[in-house]
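Asker: Line order of the protein sequences matches chains A and B.
The numbering of the first sequence is my numbering, which starts it at 1 and goes up by one.
The numbering of the second sequence is my numbering, which starts it at 1 and goes up by one.
In this text, a Cβ means the ideal position worked out from N, Cα and C, and glycines have one as well.
There are 2 protein chains.
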Amino acid sequence: MKLYTYFRSSAAFRVRIALHLKGLDYTAVPVHLTRDGGAQHGPDYRAVNPAALVPALVDGELTLTQSLAIIEYLDETCPSPPLLPPDPPGRARVRAIALSIACEIHPLNNLRVLDYLTGQLGLDEAQRMAWYRHWVEGGLAAVEALLAAHPATGRFCHGDTPGLADCVLVPQVFNARRFDCRLDHVPTVTRIAAACEALDAFARAAPAAQPDAE
Amino acid sequence: MKLYTYFRSSAAFRVRIALHLKGLDYTAVPVHLTRDGGAQHGPDYRAVNPAALVPALVDGELTLTQSLAIIEYLDETCPSPPLLPPDPPGRARVRAIALSIACEIHPLNNLRVLDYLTGQLGLDEAQRMAWYRHWVEGGLAAVEALLAAHPATGRFCHGDTPGLADCVLVPQVFNARRFDCRLDHVPTVTRIAAACEALDAFARAAPAAQPDAE
Numbered sequence: 001m002k003l004y005t006y007f008r009s010s011a012a013f014r015v016r017i018a019l020h021l022k023g024l025d026y027t028a029v030p031v032h033l034t035r036d037g038g039a040q041h042g043p044d045y046r047a048v049n050p051a052a053l054v055p056a057l058v059d060g061e062l063t064l065t066q067s068l069a070i071i072e073y074l075d076e077t078c079p080s081p082p083l084l085p086p087d088p089p090g091r092a093r094v095r096a097i098a099l100s101i102a103c104e105i106h107p108l109n110n111l112r113v114l115d116y117l118t119g120q121l122g123l124d125e126a127q128r129m130a131w132y133r134h135w136v137e138g139g140l141a142a143v144e145a146l147l148a149a150h151p152a153t154g155r156f157c158h159g160d161t162p163g164l165a166d167c168v169l170v171p172q173v174f175n176a177r178r179f180d181c182r183l184d185h186v187p188t189v190t191r192i193a194a195a196c197e198a199l200d201a202f203a204r205a206a207p208a209a210q211p212d213a214e
Numbered sequence: 001m002k003l004y005t006y007f008r009s010s011a012a013f014r015v016r017i018a019l020h021l022k023g024l025d026y027t028a029v030p031v032h033l034t035r036d037g038g039a040q041h042g043p044d045y046r047a048v049n050p051a052a053l054v055p056a057l058v059d060g061e062l063t064l065t066q067s068l069a070i071i072e073y074l075d076e077t078c079p080s081p082p083l084l085p086p087d088p089p090g091r092a093r094v095r096a097i098a099l100s101i102a103c104e105i106h107p108l109n110n111l112r113v114l115d116y117l118t119g120q121l122g123l124d125e126a127q128r129m130a131w132y133r134h135w136v137e138g139g140l141a142a143v144e145a146l147l148a149a150h151p152a153t154g155r156f157c158h159g160d161t162p163g164l165a166d167c168v169l170v171p172q173v174f175n176a177r178r179f180d181c182r183l184d185h186v187p188t189v190t191r192i193a194a195a196c197e198a199l200d201a202f203a204r205a206a207p208a209a210q211p212d213a214e
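#1: In angstroms with no decimal places, state the Cα-to-Cα distance between B/Phe13 and A/Asp124.
#2: Starting from A/Thr65, trace the beta strand (DSSP E) in both directions and tell me its first and last residue.
#3: Anyone know if the C-beta pair for A/Ser9 and A/His106 falls short of 8 Å?
#4: Should A/Phe7 go down as buried or exposed, given a rule of 16 or more other Cβ atoms within 10 Å for buried?
#5: If we require 4 or more residues per run, which alpha helix (DSSP H) segments fall completely within the segment 115–192 of chain B?
#6: Identify the continuous alpha helix (DSSP H) that holds A/Val31 and give its terminal residues.
#7: Closer than 8 Å is the cut-off here; do at least three beta carbon pairs connect the segment 78–98 of chain A with the segment 165–182 of chain A?
#8: Tell me the rounded alpha-carbon separation between B/Leu117 and A/Ile101.
#9: Contact criterion: CB-CB distance below 8 Å. Does B/Glu125 meet it with respect to chain A?
#10: Would you say A/Tyr73 reaches chain B, if we count a Cβ-Cβ gap shorter than 8 Å as a contact?
#11: Report yes or no: is there a C-beta of chain B within less than 8 Å of the C-beta of A/Cys196?
#12: Give the secondary structure of A/Asp212 by DSSP, where H, G and I count as helix, E and B as strand, and everything else as coil.
#13: Alpha carbon to alpha carbon, how far is B/Val54 from B/Ala28? Give it in angstroms, no decimals.
#14: Just checking: is the beta-carbon of A/Glu137 within a distance shorter than 8 Å of some beta-carbon in chain B?
#15: Run down chain A in chain order and give the residues with a C-beta less than 7 Å from the C-beta of B/Pro107.
#16: Starting from A/Val58, follow the alpha helix (DSSP H) in both directions and report where the run begins and ends.
#17: Please compile the residues from chain A whose C-beta is within a distance smaller than 8 Å of the C-beta of B/Pro50.
#18: Quick one: Cα of B/Glu61 to Cα of A/His41, how far?
#19: Taking just the CA atoms, how far does A/Ala39 sit from A/Arg46?
#20: Comparing C-alpha positions only, which one of A/Gly154, A/Leu64, A/Ala203 and A/Arg182 sits nearest to A/His134?
#21: In its own chain, which residues sit with a C-beta less than 7 Å from the C-beta of A/Ser67, not counting the 5 before and 5 after it?
#22: If we count the other Cβ atoms within 10 Å of its Cβ and call it buried at 16 or more, is A/Glu269 buried or exposed?
#23: Measuring straight from C-alpha to C-alpha, what distance separates A/Ala51 and A/Leu3?
#24: At least one CB of chain B closer than 8 Å to the CB of A/Thr153: is that the case?
#25: Sort out for me which residues DSSP pairs B/Lys2 with in a bridge.
#26: Counting only C-beta atoms, is A/Ile70 closer than 8 Å to chain B at any point?
#27: How is the alpha helix (DSSP H) around B/Ile17 delimited, first residue to last?
#28: Does the separation of the CB atoms of A/Ala92 and B/Ala18 fall below 8 Å?
#29: Output, in chain order, the set of chain B residues within a Cβ distance shorter than 7 Å of A/Pro89.
#30: I need the boundaries of the alpha helix (DSSP H) containing A/Asp200, first residue and last residue.
#31: Which same chain residues, not among the five before or five after A/Ala203, have their C-beta less than 8 Å away from its C-beta?
#32: Please list the partners that A/Val113 has in chain B, where partner means a Cβ-to-Cβ separation under 8 Å.
Laid out in structure tokens, this is it:
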């Protein structure tokens with residue numbers, strides 16, 4: 001398999017974690033999102049993913065996009081170890097945690113949105129950072145509410161083995177730290193992120209461990 | 001089952017479509033998102049969903065949140081008619097189309113984001129609408145690229161029966177029309193939306209057909 005990736009992309013980071021948790025070999029093809037206006041907008045990458053977003057995973061003849069769809073595909077085609085629990089209520093819970101980050105936090109803070117704020121809207125750095133922190137800090141509080149005191153929360157988001165929700169949580173916490181967001185109001189989130197980061201699969205997927213890290 | 005819903009919420013609209021496609025009975029519990037600062041922020045609704053977002057689906061003892069997680073749960077627990085194809089590549093494609101809307105378009109244009117733009121950032125109506133149209137028009141172009149000329153696209157997003165991707169596409173097209181977004185560049189999107197809207201399940205799920213419609 002071939003993964004089009006960028007070391008700092010949260011969505012690519014999610015898929016890298018899933019690949020490492022499953023012990024799947026892949027070749028990383030770096031796509032530099034910021035140099036020279038962004039390689040994702042060039043014709044080479046648009047031929048892979050017309051949406052100009054990373055990651056994309058190529059598995060034989062198939063090109064897959066959207067990190068959560070890719071992880072579900074990996075879980076269906078390489079079921080061991082599973083990244084979703086077997087029971088529908090558990091699966092719904094894990095997906096809801098993942099989507100609470102993937103739909104409610106990350107889309108507001110990705111590169112093209114931040115570029116719109118400072119470009120088209122002419123916001124200054126302080127306004128841009130206030131926007132960033134507003135959605136991360138509020139969004140993680142909602143995730144904390146899903147995790148704290150829920151009987152299914154264990155060492156990880158759902159039980160004592162890492163899964164889809166953890167693949168999405170850790171990159172978001174990484175970004176929150178990178179941009180100095182408050183995290184003292186989300187102790188379960190940070191406790192689970194620390195448990196994940198102690199695992200080899202998460203360490204190998206981390207931005208600093210990537211071949212294109214700067 | 002009990003669905004906490006708001007007639008104009010896209011995410012609730014998605015779940016209503018899925019429930020009607022599967023022929024499942026439910027009781028609608030309206031949550032008014034704009035009156036008096038928004039009933040979703042009140043203690044009654046926060047006891048249902050601490051994230052203060054609709055929809056939430058209550059099935060017996062279980063409360064489910066996040067529209068895509070709810071639809072996957074319905075598909076797992078009430079498999080007929082299926083809303084996802086049986087093959088992993090097809091499932092990945094359908095999920096990628098759904099996520100291209102749910103992660104790349106809708107989060108940028110929901111109520112709380114628009115409120116931040118006009119509130120905290122003090123944008124005027126023209127800037128707010130330019131933002132709205134920018135993400136809808138560009139985002140739907142990316143969806144069009146996933147659909148147009150793909151051999152698996154049929155009468156609907158994936159083949160000739162409606163599924164998860166259609167549940168997400170139709171509410172987004174509804175919003176695009178409501179806010180006068182350009183749609184002439186996405187002929188496959190509008191052709192599929194029209195095919196969906198001709199079906200009873202979609203008509204019954206539409207905002208105007210809801211008990212709380214205004």
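Answerer: If we stick to the structure as given:
#1: Against the second sequence, residue 13 of chain B aligns to sequence position 13. Against the first sequence, residue 124 of chain A aligns to sequence position 124. One C-alpha to the other measures close to 37 Å.
#2: The sequence position of residue 65 of chain A within the first sequence is 65, counting from 1. Residue range Leu62 to Thr65 is occupied by the beta strand (DSSP E) that includes A/Thr65.
#3: Taking the first residue of the first sequence as position 1, residue 9 of chain A is located at position 9. Taking the first residue of the first sequence as position 1, residue 106 of chain A is located at position 106. No, the pair does not count as a contact, with Cβ atoms beyond the cut-off.
#4: Here residue 7 of chain A corresponds to residue number 7 of the first sequence, with the count starting at 1. Classification for A/Phe7: buried.
#5: Here the runs fully enclosed are 125–147 and 164–178.
#6: If you number the first sequence from 1, residue 31 of chain A lands on position 31. That residue, A/Val31, is in no alpha helix (DSSP H); it is neither H nor E in DSSP.
#7: With the cut-off at 8 Å, the segment 78–98 of chain A and the segment 165–182 of chain A touch.
#8: Taking the first residue of the second sequence as position 1, residue 117 of chain B is located at position 117. Taking the first residue of the first sequence as position 1, residue 101 of chain A is located at position 101. A straight-line Cα-Cα distance of about 21 Å links B/Leu117 and A/Ile101.
#9: The sequence position of residue 125 of chain B within the second sequence is 125, counting from 1. For B/Glu125, the answer is no, since every Cβ of chain A falls outside 8 Å of its Cβ.
#10: Position 73 of the first sequence holds residue 73 of chain A. Yes, because at least one Cβ of chain B sits closer than 8 Å to the Cβ of A/Tyr73.
#11: If you number the first sequence from 1, residue 196 of chain A lands on position 196. Not a single CB atom of chain B sits nearer than 8 Å to the CB of A/Cys196.
#12: For the purposes of this step, residue 212 of chain A is taken as residue 212 along the first sequence, with counting starting at 1. Note: A/Asp212 maps to coil in three-state DSSP.
#13: The count along the second sequence starts at 1 and reaches residue 28 of chain B at position 28. The count along the second sequence starts at 1 and reaches residue 54 of chain B at position 54. Cα to Cα, the separation comes out at about 12 Å.
#14: Along the first sequence, read from residue 1 onward, the residue named residue 137 of chain A stands at position 137. No, A/Glu137 does not count as interfacial toward chain B.
#15: Working through the second sequence from its first residue, we reach residue 107 of chain B at position 107. Those are Cys103, Glu104, Pro107 and Leu108, listed as they occur along chain A.
#16: As a working mapping, residue 58 of chain A is identified with position 58 in the first sequence. It is not in any alpha helix (DSSP H) - A/Val58 instead sits in the beta strand (DSSP E) that spans Ala56 to Asp59.
#17: The sequence position of residue 50 of chain B within the second sequence is 50, counting from 1. Neighbours of B/Pro50 on chain A, chain order: Ala142, Ala145 and Leu146.
#18: Start at 1 with the first residue of the second sequence, and residue 61 of chain B comes out as number 61. Start at 1 with the first residue of the first sequence, and residue 41 of chain A comes out as number 41. So the alpha carbons of these two residues sit roughly 47 Å apart.
#19: By 1-based counting over the first sequence, the position of residue 46 of chain A is 46. By 1-based counting over the first sequence, the position of residue 39 of chain A is 39. Roughly 9 Å between the two C-alpha positions.
#20: Start at 1 with the first residue of the first sequence, and residue 134 of chain A comes out as number 134. Selected option, being the one with the closest Cα: A/Arg182.
#21: Within the first sequence, the letter at position 67 stands for residue 67 of chain A. Around A/Ser67: Ala11, Arg14, Val15 and Pro55.
#22: Nothing in the structure corresponds to residue 269 of chain A, since chain A is present only between 1 and 214.
#23: Position 51 of the first sequence holds residue 51 of chain A. Position 3 of the first sequence holds residue 3 of chain A. Spanning the two alpha carbons is a distance of roughly 16 Å.
#24: In the first sequence, residue 153 of chain A corresponds to position 153, counting from 1. Judged by the 8 Å Cβ criterion, A/Thr153 is not in contact with chain B.
#25: The residue you call residue 2 of chain B lines up with position 2 of the second sequence. According to DSSP, which records beta bridges pairwise, B/Lys2 is partnered with B/Thr27 and B/Val58.
#26: For the purposes of this step, residue 70 of chain A is taken as the residue at position 70 of the first sequence. Closer than 8 Å to some Cβ of chain B, the Cβ of A/Ile70 qualifies, so yes.
#27: Translated into the one-based positions of the second sequence, residue 17 of chain B becomes position 17. Counted as a single uninterrupted DSSP element, the alpha helix (DSSP H) harbouring B/Ile17 occupies residues Ser10 to Leu21.
#28: Stepping through the first sequence from its first residue, residue 92 of chain A is reached at position 92. Stepping through the second sequence from its first residue, residue 18 of chain B is reached at position 18. It is not a contact, given that the beta carbons lie outside the stated cut-off.
#29: Walking along the first sequence from the start, residue 89 of chain A turns up at place 89. Within chain B, the residues near A/Pro89 are Leu62.
#30: Within the first sequence, numbered from 1, the residue matching residue 200 of chain A stands at position 200. Counting along the chain, the unbroken alpha helix (DSSP H) around A/Asp200 starts and ends at Asp200 to Ala205.
#31: If you number the first sequence from 1, residue 203 of chain A lands on position 203. Result list for A/Ala203: Glu197 and Ala209, in chain order.
#32: Locating residue 113 of chain A in the first sequence gives position 113, counting from the first residue. Neighbours of A/Val113 in chain B, taken as residues whose beta carbon is under 8 Å from its own, are Leu108 in chain order.
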